[in-house]
Amino acid sequence: MSMWVYIIKRIIYSIGVLFGVSILIFIISNIVPGDPARIALGPRAPDWAVKRLRKEMNLDKPIVERYFLWLGNLLKGDLGESLRSRRPITKDISEYLPASLEIIALSAFFMATIGINLGRLSARFSDTWLDGVIRIVSYIGIVTPAFVWAILFALIFSYLIPIFPTTGRISPGITPPPRITGSYIIDGLLTGNFKAAFDTLWHIILPALALSMGGAAQAARMTRASMVDNAEKDYILAAKAYGIPYKLIYKKLLLKPSLIAPISIMALDIAALLGNAFLVELVFLYPGFSRYGVEAMLHKDLFAIISVVLIIGVAYTVANVVIDIIIAYLDPRARMGAEQNV
Amino acid sequence: MDNFDNIALKIENLRVYYKVYKGVLKVLDGINIEVMKGERVALVGETGCGKTTTLKSVMGILAKNAILTSGKITVMGEKILEVDEERIFQKRPKGVAMVFQDPTAALNPVFTIGEQLDLVVRYAAGVTTNVKEHAINALKLARLPDASRIYTNYPFQLSGGMRQRVCIAMALAANPNIILADEPTTNLDVTIQDQVLKLLKRLSTEKELAMILVTHSLGVARETCDRIYVMYAGTIVEYASSEHIFKNPLHPYTQRLIASIPRLTGEGIAEGIKGRIPDYLNPPKGCRFAPRCEFATEKCFNSKPPLYEVEKGHFVACFLYEKKSEVTHPNADNS
Amino acid sequence: MYNEEASMVLLARAAQRDRIKRAWYRFSRHKLSIVGLIMVLSIVFIAIFAPYVAPYPEHAGPYVDFGSACEPPSLAHPFGTDAMGRDILSRVFFAFRDALLMGIVVLIIVVPIGSTVGLIGGYFEGKWFSTLIMRITDVFLAIPPLVLALAIAALLRPTLLNSMMAVSVSWWPWYARLVYGMTISLKNEPFVKAAELQGMNKFKIMFSEILPNHLGPILTKMTLDMGWVILTGASLSFVGLGEQPPTPALGTMVSDGAKYLPTYWWISVFPALMIVVIILAFNLLGDGVREMLTSGE
Numbered sequence: 074m075s076m077w078v079y080i081i082k083r084i085i086y087s088i089g090v091l092f093g094v095s096i097l098i099f100i101i102s103n104i105v106p107g108d109p110a111r112i113a114l115g116p117r118a119p120d121w122a123v124k125r126l127r128k129e130m131n132l133d134k135p136i137v138e139r140y141f142l143w144l145g146n147l148l149k150g151d152l153g154e155s156l157r158s159r160r161p162i163t164k165d166i167s168e169y170l171p172a173s174l175e176i177i178a179l180s181a182f183f184m185a186t187i188g189i190n191l192g193r194l195s196a197r198f199s200d201t202w203l204d205g206v207i208r209i210v211s212y213i214g215i216v217t218p219a220f221v222w223a224i225l226f227a228l229i230f231s232y233l234i235p236i237f238p239t240t241g242r243i244s245p246g247i248t249p250p251p252r253i254t255g256s257y258i259i260d261g262l263l264t265g266n267f268k269a270a271f272d273t274l275w276h277i278i279l280p281a282l283a284l285s286m287g288g289a290a291q292a293a294r295m296t297r298a299s300m301v302d303n304a305e306k307d308y309i310l311a312a313k314a315y316g317i318p319y320k321l322i323y324k325k326l327l328l329k330p331s332l333i334a335p336i337s338i339m340a341l342d343i344a345a346l347l348g349n350a351f352l353v354e355l356v357f358l359y360p361g362f363s364r365y366g367v368e369a370m371l372h373k374d375l376f377a378i379i380s381v382v383l384i385i386g387v388a389y390t391v392a393n394v395v396i397d398i399i400i401a402y403l404d405p406r407a408r409m410g411a412e413q414n415v
Numbered sequence: 006m007d008n009f010d011n012i013a014l015k016i017e018n019l020r021v022y023y024k025v026y027k028g029v030l031k032v033l034d035g036i037n038i039e040v041m042k043g044e045r046v047a048l049v050g051e052t053g054c055g056k057t058t059t060l061k062s063v064m065g066i067l068a069k070n071a072i073l074t075s076g077k078i079t080v081m082g083e084k085i086l087e088v089d090e091e092r093i094f095q096k097r098p099k100g101v102a103m104v105f106q107d108p109t110a111a112l113n114p115v116f117t118i119g120e121q122l123d124l125v126v127r128y129a130a131g132v133t134t135n136v137k138e139h140a141i142n143a144l145k146l147a148r149l150p151d152a153s154r155i156y157t158n159y160p161f162q163l164s165g166g167m168r169q170r171v172c173i174a175m176a177l178a179a180n181p182n183i184i185l186a187d188e189p190t191t192n193l194d195v196t197i198q199d200q201v202l203k204l205l206k207r208l209s210t211e212k213e214l215a216m217i218l219v220t221h222s223l224g225v226a227r228e229t230c231d232r233i234y235v236m237y238a239g240t241i242v243e244y245a246s247s248e249h250i251f252k253n254p255l256h257p258y259t260q261r262l263i264a265s266i267p268r269l270t271g272e273g274i275a276e277g278i279k280g281r282i283p284d285y286l287n288p289p290k291g292c293r294f295a296p297r298c299e300f301a302t303e304k305c306f307n308s309k310p311p312l313y314e315v316e317k318g319h320f321v322a323c324f325l326y327e328k329k330s331e332v333t334h335p336n337a338d339n340s
Numbered sequence: 021m022y023n024e025e026a027s028m029v030l031l032a033r034a035a036q037r038d039r040i041k042r043a044w045y046r047f048s049r050h051k052l053s054i055v056g057l058i059m060v061l062s063i064v065f066i067a068i069f070a071p072y073v074a075p076y077p078e079h080a081g082p083y084v085d086f087g088s089a090c091e092p093p094s095l096a097h098p099f100g101t102d103a104m105g106r107d108i109l110s111r112v113f114f115a116f117r118d119a120l121l122m123g124i125v126v127l128i129i130v131v132p133i134g135s136t137v138g139l140i141g142g143y144f145e146g147k148w149f150s151t152l153i154m155r156i157t158d159v160f161l162a163i164p165p166l167v168l169a170l171a172i173a174a175l176l177r178p179t180l181l182n183s184m185m186a187v188s189v190s191w192w193p194w195y196a197r198l199v200y201g202m203t204i205s206l207k208n209e210p211f212v213k214a215a216e217l218q219g220m221n222k223f224k225i226m227f228s229e230i231l232p233n234h235l236g237p238i239l240t241k242m243t244l245d246m247g248w249v250i251l252t253g254a255s256l257s258f259v260g261l262g263e264q265p266p267t268p269a270l271g272t273m274v275s276d277g278a279k280y281l282p283t284y285w286w287i288s289v290f291p292a293l294m295i296v297v298i299i300l301a302f303n304l305l306g307d308g309v310r311e312m313l314t315s316g317e
């Protein structure tokens with residue numbers, strides 16, 4: 074019961090933060106030097122056209138009024154029109170977002186599973202050669218940026234040893250499944266087009282792996298540290314003294330309290346993941362949301378940029394809430410004594 | 006002590022060192038302790054004298070950097086630890102349960118009391134049917150009100166005193182013959198300390214449990230236990246019945262300890278003991294108390310005193326009593 | 021009297037020397053910290069003396085020699101040459117300059133702002149303006165820093181200075197958060213209460229009583245952040261939102277080279293590895309600094 078109260082509180086607070094985010098983004102987009110309409114149309118466009126676009130974009134109105142106009146549209150699901158493609162941004166994004174969500178979901182999965190299991194292994198064999206190797210690998214994982222991993226992986230696993238495809242989302246010969254959710258994997262599975270689903274999965278493994286390396290390494294380090302730390306706690310010593318089997322201690326009594334720290338910091342790793350997706354999609358020429366964002370940025374497509382940042386803000390906030398729910402599940406203190414936490 | 010069958014726990018010549026960054030801490034220096042069945046024994050000494058290390062050696066939960074250099078431990082006639090030149094024989098003792106000093110640290114924060122108790126019932130007591138009843142019964146034995154609610158609680162929802170009772174319940178759930186209690190009241194409020202001690206005492210009487218109570222307070226030791234071992238810097242300096250220790254303290258250290266108990270009669274301020282526990286990296290070659298002892302002679306600094314039986318059942322490791330008695334325990338082999 | 025004072029000064033100096041010696045001992049106990057220090061010093065040295073250290077200093081500018089384009093690593097060109105025939109090693113050396121400049125400038129902007137916000141937020145916790153500024157901080161933290169930096173950089177003109185601005189805007193909240201947390205845990209300490217009872221000015225309490233206690237963690241974070249800020253700068257230029265060619269920038273070099281994968285792999289791999297080296301260097305150094313400032317043993 075109290076867990077739901079906690080989660081609802083957390084969600085309400087997040088909505089407040091997102092409201093703040095919308096203001097922040099709007100302010101930033103308005104202190105840009107230069108006239109967005111002029112930038113959109115280029116230096117040679119006639120003055121009357123610029124004037125008309127300014128009116129269309131409500132640039133002639135005061136900033137507060139413009140914010141509320143924009144927010145009103147936003148709540149209706151209208152993100153405005155791309156200045157570049159002259160299409161509704163909502164349409165653009167609904168096309169590109171599922172592709173990115175596939176990568177992000179897979180890499181969050183890699184991050185948690187690889188990270189936690191490596192950390193567990195490292196703690197289980199602490200101070201042996203295996204622990205040493207894992208610790209060095211984790212350090213390298215942390216200091217190597219995702220786009221460098223992307224380049225190295227592409228070089229090794231798709232050129233040197235061609236196991237994985239180099240670029241794109243699906244092989245040219247394969248027809249994508251009809252659109253239901255927009256995710257080729259889910260749609261492929263739903264429509265029985267397993268070939269397309271598998272091919273898509275095959276395409277996103279390298280980018281997802283590249284994106285997850287830093288977070289996985291961080292999680293491995295944290296898991297190891299907190300397991301080694303907790304292994305010396307009295308409650309684990311007591312469990313050993315009571316003759317509870319070693320395996321049960323490691324997999325249950327020691328692991329659960331030790332997961333709280335690594336999962337808490339995963340919130341930060343997911344922030345890094347969402348940012349790094351911009352570079353990694355570029356390396357793999359992946360037609361995803363982040364690449365759409367980069368294109369928008371390079372062309373100063375104002376409303377598209379605002380929308381991309383806003384959606385990432387939403388995604389990040391949702392990820393944070395999910396992580397908090399996991400923590401609440403793991404840690405009774407968080408879910409039951411949570412009144413002062415929000 | 007003559008009848009071998011009556012011994013619940015026997016620790017012989019136990020030496021435990023710790024490897025640390027700066028070298029080797031020679032903490033336990035040949036400890037001998039005997040506890041009879043159903044007997045309550047107190048282990049008294051200052052913080053850092055090796056009391057907890059002694060208990061952890063029995064439980065087989067010494068820290069990773071601990072080195073067992075000698076010793077033999079027998080529980081209910083069964084050998085659980087033996088160190089000889091070639092190898093260390095060690096097994097988990099059956100029928101021994103430990104109550105830790107800090108109940109907050111001794112309970113897993115993310116599992117309910119019930120989940121933790123169930124595991125103890127299942128694996129320590131070997132009970133596989135009606136596990137929950139056994140667990141709740143243990144809570145009731147520890148005089149916890151509303152046991153079935155506490156069964157569903159998490160440790161952080163309980164007060165410190167209740168947590169310690171839960172730890173005692175957990176120890177009881179293991180169906181032990183011997184309970185090792187490591188300063189079980191240090192982290193509790195003064196008013197609750199007494200209740201917990203009385204609980205332990207009563208349980209030990211009712212269930213004929215042998216008990217080692219580790220404490221730094223001689224007063225607590227006298228009230229709760231039949232016999233007292235006084236420990237100083239990893240050595241047993243004196244042991245006797247609680248009565249004898251107070252009536253006739255022999256070792257200079259015991260005398261200072263008793264003198265430092267504050268009295269309610271207001272006969273002046275309690276005295277402390279000058280100096281500090283020796284550096285375990287380079288402990289004194291002879292008697293470890295010698296540097297702080299006002300009676301120390303050259304001999305005290307050079308060789309370790311054996312245990313002398315000064316009166317029946319009253320032993321002291323001090324050369325002051327060399328002439329008055331015969332050597333009974335070759336306490337240390339002067340290695 | 022005079023002599024006494026002089027000897028006091030000497031004693032204080034000896035104590036100071038002793039402190040430095042002990043800090044150095046703690047730092048140097050871990051060999052990797054020394055490796056980090058040496059790496060950082062080398063990077064700084066190379067950046068400062070790039071025109072003398074680089075084998076082909078003229079290749080840092082708009083130099084073109086298609087005759088020797090895309091040459092693989094060799095003794096003459098240890099990192100190979102790029103598509104315009106420029107020596108990659110020389111360009112990397114020159115790129116260190118702006119990378120370091122980026123890190124230093126951003127931290128100089130970000131640390132005072134973030135710390136001040138965190139101090140005010142923490143010390144006046146519960147007051148409305150404290151709540152307000154910490155909520156604003158939360159709003160900034162709700163956008164992943166790289167995304168925020170990219171968006172701001174996109175809206176500005178792509179120059180080094182604007183990249184620095186963009187990264188700074190996304191970075192200060194982390195210091196605010198750090199200092200906020202530490203200030204809350206300190207503000208009820210006896211020494212703060214004592215200063216309050218003496219009627220000391222609140223801002224003086226914040227900056228001269230509380231802040232000095234935070235310097236250790238702040239310094240540690242700054243050292244670690246040097247690498248991360250440089251990476252963020254490189255990420256901006258990777259996307260094309262940083263400095264524009266022909267100025268050598270690590271990110272630009274990597275993304276330009278990525279077009280020539282896999283045949284001319286060295287064009288992007290070596291600059292990419294150099295980014296790793298920079299981050300690694302500051303991380304190792306930062307671990308050493310943390311060790312030096314925290315462990316009491």
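Residue numbers (the working numbering), protein chains in the order written: chain A, 74 to 415; chain B, 6 to 340; chain C, 21 to 317.
The C-beta atom is built at its ideal place from N, Cα and C for all residues, glycine as well.
In this text the structure is predicted, and so the values were computed from the model without any measurement.
Taking 9 Å as the CB threshold, G316 of chain A lines the interface with chain B. Within the region 177–201 of chain B, A179 place their CB atoms closer than 8 Å to a CB of chain A, listed in sequence order. Contacts with chain A at 9 Å (Cβ-Cβ) include L124 of chain B.
Neighbours of F105 of chain B in chain A, taken as residues whose beta carbon is under 9 Å from its own, are D307, Y308, L310 and A311 in chain order. Neighbourhood of M64 of chain B in chain A, by CB distance below 7 Å: A314, in chain order.
Between the region 172–189 of chain B and the region 116–128 of chain B there are three or more inter-stretch CB-CB distances shorter than 8 Å, so the stretches are counted as touching. Judged by DSSP secondary structure, Q95 of chain B falls within the beta strand (DSSP E) whose first and last residues are I93 to Q95. At a cut-off of 9 Å, the C-beta of S102 of chain A has a neighbouring C-beta in chain C.
Using a Cβ-Cβ cut-off of 9 Å, D404 of chain A counts as an interface residue toward chain B, since at least one Cβ of chain B sits closer than that to its own. CA-CA distance, L112 of chain B to A334 of chain A, rounds to 19 Å.
Looking at C:L305, C:V84 and C:F160, the one whose alpha-carbon comes closest to that of G247 of chain C is C:L305. Residue contact check for I128 of chain C against chain A: no CB pair falls below 9 Å. For N221 of chain C, no Cβ of chain A is located within less than 9 Å of the residue's own Cβ. Collapsing the DSSP output to three states places T157 of chain B in a helix. Contact of N303 of chain C with chain A is assigned, a C-beta pair being separated by under 9 Å. Within the region 216–228 of chain A, contact with chain C at the beta-carbon level (separation under 7 Å) is assigned to V216, T217, P218, F220, V221, I224, A227 and L228. Secondary-structure assignment with DSSP links M103 of chain B through a beta bridge to B:L185.
Proximity to T283 of chain C across C:A103, C:W194 and C:Y195 peaks at C:A103, based on C-alpha coordinates. Beta-carbon to beta-carbon, I162 of chain A and S363 of chain A are separated by about 15 Å, too far to satisfy the 8 Å threshold.
Secondary-structure assignment with DSSP links K84 of chain B through a beta bridge to B:T79. Every alpha helix (DSSP H) of 4 residues or more that sits fully in the region 212–253 of chain A is shown, in chain order, as 219–226. Counted as a single uninterrupted DSSP element, the stretch harbouring N11 of chain B is not any beta strand (DSSP E), since DSSP gives it neither H nor E. At the C-beta level, I183 of chain B and I217 of chain B come within 9 Å of one another. Taking a contact as a CB-CB distance under 8 Å, the pair D342 of chain A and G287 of chain A counts as one, their CB atoms being some 7 Å apart.
Within the region 162–219 of chain A, there are no complete beta strand (DSSP E) runs of at least 3 residues. Looking only at A:L327, A:N266 and A:S155, the smallest Cα-Cα distance to P250 of chain A is reached by A:N266.
Within the DSSP bridge table, the entry for K24 of chain B names B:V29 as partners.
Proximity of V55 of chain C to chain A, defined by a Cβ-Cβ separation below 9 Å, is not satisfied. For chain A, the residues of the region 148–177 of chain C that bring a beta carbon within less than 9 Å of one of its beta carbons are R155, I156, D158, V159, F160, L161, A162, I163, P164, P165, L166, V167, L168, A169, L170, A171, I172, A173, A174, L175, L176 and R177, in chain order. Less than 9 Å separates the beta-carbon of I63 of chain C from that of I298 of chain C.
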